[in-house]
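J.:
2 protein chains.
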Amino acid sequence: MLDDIVLFIQIVRHGGLAGAAQHLGIPPATVTRRLQNLEKELGCQLLHRSARRLALTQEGEVYYQSYRDLVEEFEITQQRLDRERSQLSGKLRVLAPANFSHSVLRPMWLAFTREHPDIQLELILSNHLEDMVKAKADIAIRIGEQPDSLLYQQKIGQMATVVVASPEYLRQAPIVTVPADLQNHRIVGSSLRLKWQLTHREAGVVEEIFPRFHAQSNDLAFVKYWVLDHQGIALLPVSEIFEELHSGTVIRVLPQWQGHVRDIYAVWPTGRLLSEKAKHLREYVRCFLEQTALQSI
Amino acid sequence: MLDDIVLFIQIVRHGGLAGAAQHLGIPPATVTRRLQNLEKELGCQLLHRSARRLALTQEGEVYYQSYRDLVEEFEITQQRLDRERSQLSGKLRVLAPANFSHSVLRPMWLAFTREHPDIQLELILSNHLEDMVKAKADIAIRIGEQPDSLLYQQKIGQMATVVVASPEYLRQAPIVTVPADLQNHRIVGSSLRLKWQLTHREAGVVEEIFPRFHAQSNDLAFVKYWVLDHQGIALLPVSEIFEELHSGTVIRVLPQWQGHVRDIYAVWPTGRLLSEKAKHLREYVRCFLEQTALQSI
DNA sequence: ACCATAGATTGCATATTTGAAATCATGTTG
DNA sequence: CAACATGATTTCAAATATGCAATCTATGGT
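Chains A and B, in that order, give the protein sequences.
Heads up: the first sequence begins at 0 in numbering that gives the first Met the number 0, then just goes up one per residue.
Heads up: the second sequence begins at 0 in numbering that gives the first Met the number 0, then just goes up one per residue.
1. At 3 residues or longer, and completely inside the region 221 to 295 of chain B: list those beta strand (DSSP E) runs for me, N to C.
2. The alpha helix (DSSP H) spanning A:H13 covers which residue range?
3. Does any residue of chain A bring its CB to less than 8 Å from the CB of B:Y63?
4. Return the residue from the list B:V284, B:F7 and B:S102 that minimises the CA-CA distance to B:L41.
5. Within 8 Å (strictly less), CB to CB, does A:F7 reach chain B?
6. Does the beta carbon of B:F73 come closer than 8 Å to any beta carbon on chain A?
7. Use the C-beta contact count for A:Y224: other C-beta atoms within 10 angstroms, 16 or more gives buried, fewer gives exposed.
8. What does the alpha-carbon distance come out to for the pair B:L94 and A:D68?
9. Please decide whether B:G270 counts as near chain A, where near means a Cβ-Cβ distance under 8 Å.
10. Assuming B:A150 contacts B:T269 (C-beta within less than 8 Å), just tell me the rounded distance between them.
11. Over the uninterrupted beta strand (DSSP E) stretch that includes B:Q44, give me the two end residues.
12. Between which two residues does the beta strand (DSSP E) holding B:S216 run?
13. Which residues share a DSSP beta bridge with A:E121?
14. Apply the 10 Å Cβ neighbour rule to B:S295 and answer buried if 16 or more other Cβ atoms are within range, or exposed otherwise.
15. In chain A, what lies closer than 7 Å to B:D2 by C-beta?
16. Taking one C-beta from the region 260 to 278 of chain B and one from the region 146 to 162 of chain B each time, how about it: are there three or more such pairs within less than 8 Å?
17. Sorted by chain position, which residues of the same chain lie with C-beta nearer than 7 Å to B:H259's C-beta, five sequence neighbours on each side aside?
18. Restricting to runs no shorter than 4 residues, where is the alpha helix (DSSP H) found entirely within the region 22 to 86 of chain B?
19. Please report the residue range of the alpha helix (DSSP H) in which A:R170 lies.
20. How about the region 241 to 251 of chain B and the region 114 to 129 of chain B: do they share at least three Cβ pairs that are nearer than 8 Å?
21. Looking only at its own chain, which residues have a Cβ that is under 7 Å from the Cβ of A:H13, when we skip the five neighbours before and after it?
22. Are the Cβ atoms of B:F287 and B:M107 separated by less than 8 Å?
23. Counting Cβ pairs, one atom from each stretch, are 3 or more of them under 8 Å apart for the region 66 to 85 of chain A and the region 271 to 283 of chain A?
24. With a threshold of 16 other CB atoms inside 10 Å of the CB of B:Q119, please say whether the residue is buried or exposed.
25. Can you tell me which residues form a DSSP beta bridge with A:G156?
26. Within 10 angstroms of its Cβ, does B:F73 collect 16 or more other Cβ (buried), or is it exposed?
27. For A:T198, return the contacting residues in chain B, with the cut-off set at a CB-CB distance below 9 Å.
28. Looking at B:V30: is its Cβ nearer than 8 Å to the Cβ of B:L16?
29. Between the C-alpha atoms of A:D137 and A:F99, what's the straight-line distance to the nearest angstrom?
30. Could you work out which residues of chain B lie near A:L69, taking near to mean beta carbons separated by less than 8 Å?
31. Quick check on the burial criterion: 16 or more other C-beta atoms within 10 angstroms. Buried or exposed for B:I174?
32. Give the residues of chain A in contact with B:E60, contact being defined as C-beta atoms less than 9 Å apart.
33. Please report whether the beta-carbon of B:L80 lies at a distance below 8 Å from any beta-carbon of chain A.
34. Let me make sure I understand the geometry here. Which of A:K194, A:A202, A:L219 and A:V70 has the alpha-carbon closest to that of A:P210?
35. Checking 8 Å against the spacing of the C-beta atoms, do A:S65 and B:L80 come in under that value?
36. Please check if any C-beta of chain A sits within less than 8 Å of the C-beta of B:Q44.
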């Protein structure tokens, strides 16, 4: 019914059944029959049609006037949604945490751009939360759930925090075999996380510790500097000391235990369709994080 | 496609496929399949559905938000047009010329109301042209074409003018056998029509006469009074002296000839659908005029 | 007045959609 | 925790719509 009305509007717009047929990519026979159908359903003729000329009947005129704008709006909406979805090439603006992108995600970003030369990636890195809508980003990667109801969120991975220290520090300090041993050490850490919740990898036992901090900062990067400067033991997200762990500048303490887990989310605004390429990126990141298996470095 | 979107909106509104199916009077199977179809076409799932619960997916949410208002507007338009058309019962306001309705059309109006007790006819009679839109009339009957482009017009009959006089006048006056004989008579007539154009019924010959008027008025009713008062011969529309002709108070002069023909139109506003009952009335009048065959009393 | 032709329509085989009933799935209730 | 009931889905025959090609038709040009 609505589809036939759209067809009717198209016929009027193109000034003929043939034109509409061509524009819509359907055979003229179908156009004829669907129009006849519509006329039968409405119980009145809409178009005076002869081989060469086409004219609206009075009823046709009324129906055309009534539906024209509506059909146009439908088409605009349809186009908008199509555009939002189906562009695999084109610009893709992504918001992501800077630290995380520099460390863990670096190979992923490099691979993504390498593998998708048709996607024009604009990577907006920042350590503080930016407004997605203001930044006109298509999608964002965030650590920790966002309390924003205007955002859709999908968990795409998780990242553990690990207990680390520099080899130099550990060499001159008591051995740590169980979490309780940490009480005998110099601890540096985030002022935002006063309780360390450590979970054993296999046993799943949870131990809670309230370390006596030797130094605190709200900036995790600074906590890392203290660790690198052999000042003590810290509980840090893998992303923060990813490279140092690989290079051996920093090594894990209590490797069988991990700290609280922080979830990683893909986030995008509600009310808008996630484009195919944004969806693709989301899956790409998810796969990458799955393979990298950060939760058990 | 759009039909399926409408269906989707209905499903969301009713909170389930079954509800929508019932509301639209189609089997649930069709609803299921059309929804599946739409999802396939759009390339994404719109609804999370289990046996008991139904929830919009994120994409479904977007599509619903985008199309909800449009679908509603569409439905309103559809209802409006349906209402305009398909009410055979209900009120019908008709504008018509008073003279014409009193005379020629009188039996028709009586018959129409008798035959259609379900149509509540409001007959607005007037001898001067009233504004249809202001009068909120559904349809009007007019004599002569209207120069208003905002009106649709359809010719539904025609009315001849005839040459008439009272028997008393004719008894004491010379016999009239050809139009030229009129020059020897007392002529009364409309000041708006100084030239009499007479056409022979069979031969189709046209004769033009410029009578010397004994009396003139812009009011045809007054012309009739003169005739009834035996003051002379007049050229009058059949509608004006319909009853007198039947009763014999007035008789035709030159019965083989008739004056100029005036077309009778059904007239209604553009941009609105003619309701079924208005259409019906139009046809009714047309048939009546055809049978009455005014052009050759 | 004729013809050529754009453009609408129809015939027929095929593909798609529909409808009624059976089946399946899942939340609720005894 | 099993039986029930509601609501979604699948099955299969029948109805409907589609696509291609042939046909028809009115109009502009000659």
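Backbone N, C-alpha and C fix where the C-beta goes; we use that ideal spot for every residue, glycine too.
Fair warning: this is a prediction, and the values are worked out from it, not measured in the lab.
T.: Let me lay it out:
1. 233 to 236 and 260 to 268
2. L1 to H13
3. no
4. Distances from the CA of B:L41 to each of B:V284, B:F7 and B:S102 were compared; the closest alpha carbon is that of B:F7.
5. no
6. yes
7. With fewer than 16 other Cβ atoms inside 10 Å of its own Cβ, A:Y224 counts as exposed.
8. 32 Å
9. Taking Cβ atoms only, chain A reaches closer than 8 Å to B:G270, which makes this a yes.
10. With the sequence shown as reference, residue 150 of chain B is identified as Leu, and Ala is not the correct amino acid for it. Correct: roughly 7 Å between the Cβ atoms.
11. No beta strand (DSSP E) holds B:Q44; DSSP gives it neither H nor E.
12. F212 to S216
13. A:R92
14. In this prediction, B:S295 scores a pLDDT of 49, lower than 50, which makes its location untrustworthy; the coordinate-derived value is nonetheless stated afterwards. Answer is exposed; the Cβ neighbour count stays below 16.
15. Taking the beta carbon of B:D2 as reference, the chain A residues within 7 Å of it are M0, L1 and D2, listed in sequence order.
16. yes
17. These residues qualify, in order along the chain: T160 and Q196.
18. 27 to 41 and 57 to 85
19. If you look at A:R170, you'll find it in the alpha helix (DSSP H) that goes P166 to R170.
20. No: fewer than three Cβ pairs fall under 8 Å.
21. In chain order, A19 and H22 place their CB closer than 7 Å to the CB of A:H13, counting only its own chain and leaving out the 5 sequence neighbours on each side.
22. For the pair B:F287 and B:M107, the CB atoms are nearer than the 8 Å cut-off.
23. yes
24. It counts as exposed.
25. A:I263
26. buried
27. Chain B residues near A:T198: none, gap ~32 Å exceeds 9 Å.
28. yes
29. 19 Å
30. Proximity of chain B to A:L69 at the Cβ level (cut-off 8 Å) is accounted for by L69, E72, F73 and T76, in chain order.
31. Classified as exposed, B:I174 has fewer than 16 neighbouring CB atoms from the shown chains inside 10 Å of its CB.
32. Y151, T269 and G270
33. yes
34. A:K194
35. yes
36. no
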